[in-house]
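Chemist: First the structure, then my questions, so here it is.
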Amino acid sequence: MRLLTSPLRRMLLGLQNLCEGEGGSPAKCCVLNPHRLLRRENFSAKVTAIELVSYWRGVFEANGIPEAQESSEYIVSYVLGAKTFHSLGAGSLSTPLTLEQRQQIQQLSMKRLQRMPVQYVLGEWDFRELTLKMRPPVFIPRPETEELVSLVLEEELQRSGSPAVLAGHQSPTVVPHPVILEIGCGSGAIALSLLSKLPKSRVIAVDKEEAAVNLTKENAQSKREVPTSPGSLGNLSNAESSEVWFKLRGT
């Protein structure tokens, strides 16, 4: 059994005190006060990534936050510049975090305590090979959406007879410019993922929400791996370019 370090033990004891009811007995419904939690955490403590994940998992569980372990791991790994907690090296896991890192982890964790989805908390999320910006009120792509992209690529594979279309590390074979219509582009996950695999295609992305259109444009402009030459993405603001983006007004 791994012994807890003194800093982490102090934090966990503080968490326990926050959850005590009258007479020192556990409260029936433990809902932590974020402002009280801020005052209790000892920012001068030398704690590691593993210890902070354990600490915030306990905070999330005490407040009924779903996927407490995963939430704490995503937040800590994001602050440390990693995609997943398991991808962090042994050195990163055992090295005490800086004051700035601990403060950033706490700020993001407070948002999660308000039941904000992790994707919005981090401001980004991976969709297939792309990392896309995420922010409310634009919907977060569901895992099933990746399956939809795979189905489209499989259909194109059958039509073109090119296995390179599905190979992430290979350049797609040139095919006769398929035209793809996406209604409700949201963050642009489907459109940009297809364009990254089918650079000769044309995608007409439609959404009635201006926030979704703007986010799709931001994600398109930030993706270097998405082709931007004439015949693919083109000029997003130019309706006469080979790639056309519409903002559908509400009817």
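Sequential numbering from 1 applies to the sequence shown in the UniProt record's numbering. Glycine included, each C-beta is placed from N, C-alpha and C at the ideal position. Everything numeric in this text was worked out from a predicted model, so none of it was measured.
(1) Distance, Cα to Cα, Ile183 vs Pro199?
(2) Should Ser77 be counted as a contact of the ligand NAD given a C-beta to heavy atom distance under 8 angstroms?
(3) So, under 8 angstroms CB-CB, Ala211 and Gly188 are touching, yes? Tell me the CB distance rounded to an integer number of Å.
(4) Quick check: Leu151 and Ser196, are their CB atoms within less than 9 angstroms of each other?
(5) Taking the beta carbon of Thr98 as the centre, do at least 16 other beta carbons fall within 10 Å, making it buried, or is it exposed?
(6) Compare the beta carbon distance of Glu209 and Val149 with 9 angstroms and say whether it is the shorter of the two.
(7) Say whether the region 58-71 touches the region 87-103, bearing in mind that this needs 3 or more beta-carbon pairs closer than 8 angstroms, one atom from each stretch.
(8) Rounded to whole angstroms, what's the CA-CA distance from Leu4 to Lys217? Just pull it up for me.
(9) In terms of residue numbering, what span does the beta strand (DSSP E) encompassing Phe60 cover?
(10) Going along the chain, which residues of its own chain have a beta-carbon closer than 7 angstroms to the beta-carbon of Leu194, five neighbours each way excluded?
(11) Kindly indicate which three-state DSSP category Thr131 falls into: helix, strand or coil?
(12) What did DSSP end up calling Ile140 once you bin it into helix, strand or coil?
(13) If the criterion is Cβ atoms closer than 9 angstroms, does the pair Ile190 and Pro141 meet it?
Modeler: Result, derived from the coordinates:
(1) 20 angstroms
(2) Only the bare structure without any ligand can be found here, which leaves the ligand NAD out of the picture.
(3) That belief does not hold up - the Cβ atoms of Ala211 and Gly188 are roughly 12 angstroms apart, past 8 angstroms.
(4) no
(5) exposed
(6) no
(7) no
(8) Residue confidence for Leu4 is low, a pLDDT of 48 falling below 50, so the modelled location carries little weight; the figure read from the coordinates is stated next. Whole-angstrom Cα-Cα distance: 47 angstroms.
(9) Element bounds for Phe60: not the beta strand (DSSP E) but the alpha helix (DSSP H), Ala49 to Ala62.
(10) Val149, Val152, Ile180, Ser201 and Val203
(11) strand
(12) coil
(13) yes
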